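The sequence shown begins at 82 in this note's numbering and counts up one residue at a time.
Using N, Cα and C, we set each Cβ at its ideal position, and we do this for glycine too.
From a predicted model like this one, the values you see are computed outputs, not experimental measurements.
Everything on this sheet refers to the single structure shown next.
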Amino acid sequence: MIKKLGPYQVHSFADVFPLLQGEEMEDLVLDIKYHGLRDPILLNHDRTVLLDGRNRYLACESAGITPAFESLPEDHTESMILDLIVSKNVARRQLSAGQKAFLALEYEKAYTEEAKERQREGARRTAEQVSSQVTGATLLADQPEASEHPDDQTSRARAARTVGTSARSVQRAKTVAEYAPELVDKVRSGELALDQAEKRARQRLRELPEGPPSEKPSGVLLTLRTHDGREVPYNKPSGKSTFNNQVDGEGISWARWSWNPVTGCLHGCTYCYARGITQRFPQVNPVGFDPLFHHERLQAPANTRIPEEHRNDPTWHRVFVCSMADLYGRWVPEEWILEVHSVMTANPMWEYLLLTKFPMRYTKVDLPPTAWVGTSIDEQKRVRIAEDAFREIDGVKVKWLSIEPLREPLKFDDLSMFDWVVIGAQTETTQGAGEDCRLVPSFSPPFEWVVDLVAQARESGCRVHLKPNLVNGKPGMKLPNEYPIEDPEAAISPVAQEPNTWYQGL
Numbered sequence: 082m083i084k085k086l087g088p089y090q091v092h093s094f095a096d097v098f099p100l101l102q103g104e105e106m107e108d109l110v111l112d113i114k115y116h117g118l119r120d121p122i123l124l125n126h127d128r129t130v131l132l133d134g135r136n137r138y139l140a141c142e143s144a145g146i147t148p149a150f151e152s153l154p155e156d157h158t159e160s161m162i163l164d165l166i167v168s169k170n171v172a173r174r175q176l177s178a179g180q181k182a183f184l185a186l187e188y189e190k191a192y193t194e195e196a197k198e199r200q201r202e203g204a205r206r207t208a209e210q211v212s213s214q215v216t217g218a219t220l221l222a223d224q225p226e227a228s229e230h231p232d233d234q235t236s237r238a239r240a241a242r243t244v245g246t247s248a249r250s251v252q253r254a255k256t257v258a259e260y261a262p263e264l265v266d267k268v269r270s271g272e273l274a275l276d277q278a279e280k281r282a283r284q285r286l287r288e289l290p291e292g293p294p295s296e297k298p299s300g301v302l303l304t305l306r307t308h309d310g311r312e313v314p315y316n317k318p319s320g321k322s323t324f325n326n327q328v329d330g331e332g333i334s335w336a337r338w339s340w341n342p343v344t345g346c347l348h349g350c351t352y353c354y355a356r357g358i359t360q361r362f363p364q365v366n367p368v369g370f371d372p373l374f375h376h377e378r379l380q381a382p383a384n385t386r387i388p389e390e391h392r393n394d395p396t397w398h399r400v401f402v403c404s405m406a407d408l409y410g411r412w413v414p415e416e417w418i419l420e421v422h423s424v425m426t427a428n429p430m431w432e433y434l435l436l437t438k439f440p441m442r443y444t445k446v447d448l449p450p451t452a453w454v455g456t457s458i459d460e461q462k463r464v465r466i467a468e469d470a471f472r473e474i475d476g477v478k479v480k481w482l483s484i485e486p487l488r489e490p491l492k493f494d495d496l497s498m499f500d501w502v503v504i505g506a507q508t509e510t511t512q513g514a515g516e517d518c519r520l521v522p523s524f525s526p527p528f529e530w531v532v533d534l535v536a537q538a539r540e541s542g543c544r545v546h547l548k549p550n551l552v553n554g555k556p557g558m559k560l561p562n563e564y565p566i567e568d569p570e571a572a573i574s575p576v577a578q579e580p581n582t583w584y585q586g587l
């Protein structure tokens, strides 16, 4: 990305188009050196922003040629400039369907921001008009101009039409950008087709224990508070607070709902799916992944209704509490926990699935009788803490142990204090946003680790559940695949190297 060339700021949308590299740039340098610059570099009206001609500017520098410039008239609006940048670049480039889709996505963002600025400017003009009018006068707001194309009312349709692609393709690009951002550059470079990138993005979405947020702001501001007492303005969602329906995902197969009266966590797990979701949707996560108490969500248990056709399905009677947080983290104020517990106790028609890496906090409070009380273990040092805490817990619906992700072999002294053991692999996640975005790869635990845990659970009389990500090959388990041969070439077969072989039973 180039933000500035010489004294000129580079227009952010112009910088979306990739620069020439290698032989293409060398050819342009030679052409300008021997024939001069045929096409002047385009600036805005006050000659401070470079709109078109980054490659020509750089080539002139390399050729030792002073570039020629031309500027736009002052009456060119930002939307006109966006259209001009697109027309000049699309005409001179051979773009793939994926490249056009991501170009249209960037156009949509730029156009939307420009539209918001027009609205802000209109509001400023109205305020000035009001201040200058005699009290009691009737004022009429400026009416928007009728669009020549009805679809112009949506920025996505306009972006698609301007670039020469479809609104569906722009949506596919957005899905990739949100759920597989590390693939964006591969599509833009032509290395990966858009449809293949979208398939991988949608698979990752299906594997998430928590889907994208569905809240729609009402325009009314609330004040929320963080764990350390900071006040945070927050758009109150329209309508009554209800649980999130997780029916389309694979991540929480035993509960159809999730509920997040608290969001955020300070534990810092490198593989955390919740942090990745939070960073993709800053509009409903105003403090990022810092712990935040959502008092406006406390009525969700009372407001949520089970569809009549699912009344007899037990999974529709269960809700995963704080799937985007650790309600019992050491940083969580006790009053938050007590308030959430009070709501759960007052609404016993639901079974509440709880999960924490800090199980000793369970022993300090009264637990809701309909709760499935769980703890998460991802390393051996947590084993003794969990065993000691759960020996003290009783009077709840289920006591369960989550071993997801299984990242190292684990050995328990006793599992008899648990009713249920859940084992899962580590699916890939993306952490960070923008230029800081990075992929955390999946991890397939060896078959032997899983078998050993199942044996320990069976010996203690526990029920066992293997998560879909452990048995469906995404990422699956590393299964034994050994042969009684000494020929190294024969031993290294495609099957022998395959780490994610599908295994359906133990």
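May I ask you to list the residues that DSSP assigns as paired with residue i?
i: histidine 546; result: Val503
i: glutamine 90; result: Lys85 and Val130
i: threonine 304; result: Pro314
i: leucine 434; result: Phe401 and Trp453
i: threonine 344; result: Leu373
i: glutamate 590; result: Here the chain comprises residues numbered 82 to 587, so residue 590 is not present and cannot be evaluated.
i: glutamine 512; result: Arg519
In three-state DSSP terms, what is residue i?
i: valine 532; result: helix
i: leucine 551; result: helix
i: leucine 264; result: helix
i: proline 121; result: coil
i: arginine 281; result: helix
i: alanine 384; result: The sequence as given places asparagine at residue 384; alanine does not occur at that position. The answer is helix: DSSP assigns asparagine 384 an H, G or I state.
i: threonine 158; result: coil
i: serine 541; result: coil
i: asparagine 45; result: The displayed coordinates of the chain run from 82 to 587. Any statement about residue 45 would go beyond what the structure contains.
i: tryptophan 412; result: coil
i: asparagine 428; result: coil
i: alanine 241; result: helix
i: lysine 480; result: strand
i: aspartate 527; result: For the sequence presented, residue 527 should be read as proline rather than aspartate. In this structure, proline 527 counts as strand in the three-state DSSP scheme.
i: glutamine 175; result: coil
i: serine 325; result: Checking the sequence, you will find asparagine at residue 325 rather than serine. The answer is strand: DSSP assigns asparagine 325 an E or B state.
i: valine 521; result: strand
i: tryptophan 335; result: coil
i: glutamine 102; result: coil
i: aspartate 96; result: helix
i: alanine 406; result: strand
i: arginine 392; result: coil
i: threonine 235; result: coil
i: cysteine 353; result: coil
i: threonine 256; result: helix
i: alanine 363; result: According to the sequence provided, residue 363 is proline. The question's alanine does not apply to it. Helix at proline 363.
i: arginine 199; result: helix
i: serine 319; result: coil
i: lysine 114; result: helix
i: lysine 462; result: helix
i: glutamine 440; result: The question names glutamine, but residue 440 in the sequence shown is proline. Reduced to three states, the DSSP call for proline 440 is helix.
Between which residues of its own chain and residue i is the CB-CB distance below 6 Å, once the five residues before and five after are set aside?
i: threonine 246; result: Lys181, Ala182 and Ala185
i: proline 527; result: Lys559
i: alanine 355; result: Met405
i: valine 502; result: Leu482, Ala538, Cys543 and Val545
Within a Cβ cutoff of 8 Å, which residues of the same chain sit near residue i, ignoring the five residues on either side of it in sequence?
i: histidine 422; result: Val446, Asp447, Leu448 and Pro449
i: valine 215; result: The pLDDT assigned to valine 215 is 49, lower than 50, so where the model puts this residue is not dependable, and the model offers no usable value.
i: serine 236; result: Glu189, Tyr192, Thr193 and Ala196
i: threonine 437; result: Asp407, Leu408, Tyr409, Gly410, Tyr443, Gly455, Thr456 and Ser457
i: leucine 124; result: Tyr89, Val130, Leu131, Leu132, Phe150, Glu151, Ser152 and Leu153
i: valine 251; result: Ala182, Ala185, Leu186, Glu189, Arg237, Ala240 and Ala241
Excluding the 5 residues preceding and the 5 following residue i in the sequence, name in chain order all residues of the same chain whose CB lies nearer than 7 Å to its CB.
i: threonine 256; result: Glu279, Ala282 and Arg283
i: proline 414; result: His308
i: leucine 100; result: Arg135 and Asn136
i: threonine 396; result: Trp335, Ala336 and Arg337
Is any heavy atom of the ligand SAH found at a distance shorter than 8 Å from the C-beta of residue i?
i: glutamine 461; result: Of the ligands one can find in the structure shown there are none, so the ligand SAH has no counterpart to examine.
Between residue i and residue j, how many whole angstroms is the CB-CB distance? I'm expecting something under 8 Å.
i: glutamate 460; j: arginine 442; result: With a Cβ gap of about 19 Å, glutamate 460 and arginine 442 do not count as contacting.
i: tyrosine 352; j: glutamine 507; result: 5 Å
i: serine 497; j: serine 541; result: 4 Å
When you compare the CB of residue i with every CB in chain C, is at least one pair closer than 9 Å?
i: alanine 149; result: Looking at the structure shown, chain C is missing, and only one protein chain is on hand.
Exercise for the section: Count the CB pairs spanning the stretch 182-190 and the stretch 239-250 that are closer than 8 Å, and state whether there are at least three. Expected result: yes
Exercise for the section: Flag this pair as touching only if the stretch 125-141 and the stretch 103-115 have three or more C-beta atom pairs under 8 Å; answer yes or no. Expected result: yes
Problem - Any 3 or more C-beta pairs closer than 8 Å across the stretch 252-262 and the stretch 190-204 - result: no
Handout entry: Cβ contact check for the stretch 335-353 and the stretch 366-376: 3 or more pairs under 8 Å
Key = Of all C-beta pairs linking the stretch 335-353 to the stretch 366-376, three or more are shorter than 8 Å, placing the two stretches in contact.
Practice task
Tell me, please, whether the stretch 453-467 touches the stretch 423-431 by the rule of three or more beta-carbon pairs shorter than 8 Å.
Solution key: No: fewer than three Cβ pairs fall under 8 Å.
Handout entry: Meets three-Cβ-pair contact criterion under 8 Å: the stretch 152-169 and the stretch 123-136
Key = The answer is yes - the stretch 123-136 touches the stretch 152-169, with three or more Cβ pairs under 8 Å.
Practice task
Decide if the stretch 381-398 is in contact with the stretch 320-328; the criterion is three or more beta carbon pairs, one per stretch, under 8 Å apart.
Solution key: yes
Problem - At least 3 beta-carbon pairs within less than 8 Å: the stretch 518-533 vs the stretch 480-496 - result: yes
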